[in-house]
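Under UniProt numbering, the residues of the sequence shown are numbered 1 to 130, in order. Okay, structure first, notes after.
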Amino acid sequence: IYNMDESGVRIGCPIGEIIVVPTEVKELYTAGPENRKSLMIIEAICADGTPSPPPIIICPEEKIIESWIHENLTGAELDHFIKYIEAGPDKYWHMLHVDGHITHHQDDFIIKCHENHIVPFEFPSHLTHV
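This is how it looks when you write it as structure tokens:
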């Protein structure tokens, strides 16, 4: 049984930072959503503790939230997973927990899973967070 999910990470935007500046400083600029870099990490964990596939790290040019997951990325994510767990039509069956994203309902994703002896099992959103 595997659990796979993606997570966005903002670079250079720490949470709850405290800034101390001299009183003569009248303006201060910090990184905001418009001027920050983001990346996405896709990783899987296995219920029995066996080593998981290495995470995929994707560095889009900008606006990761708007292009979160699309068909091509989901296919690459699944190919990566199949390769590293050594899944295939003549291998043992695996269960893969995924979130309810629309790409996990597409025929190509489901067919590729079944061809490689992977049963996709949908969890409600946010329950697959690694």
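A virtual CB, placed ideally from N, CA and C, is assigned to each residue, including glycine. This structure is a prediction, so every number in the text was calculated from the model and none was measured.
| Query | Result |
| --- | --- |
| For Pro120, which beta-bridge partners are listed by DSSP? | Leu96 |
| Exposed or buried, which one is Pro124 when buried takes at least 16 other CB atoms within 10 Å? | exposed |
| Assign Thr74 to buried or exposed, taking buried as 16 or more other Cβ atoms, counted over all protein chains shown, within 10 Å of its Cβ. | buried |
| Excluding sequence positions up to five away, which residues of its chain have a Cβ less than 6 angstroms from the Cβ of residue 187? | Missing from the structure shown is residue 187; the chain here goes from 1 to 130 and no further. |
| Once you ignore the five residues that flank Phe121 on each side, which residues in its own chain have a CB closer than 6 angstroms to its CB? | Met95 and His97 |
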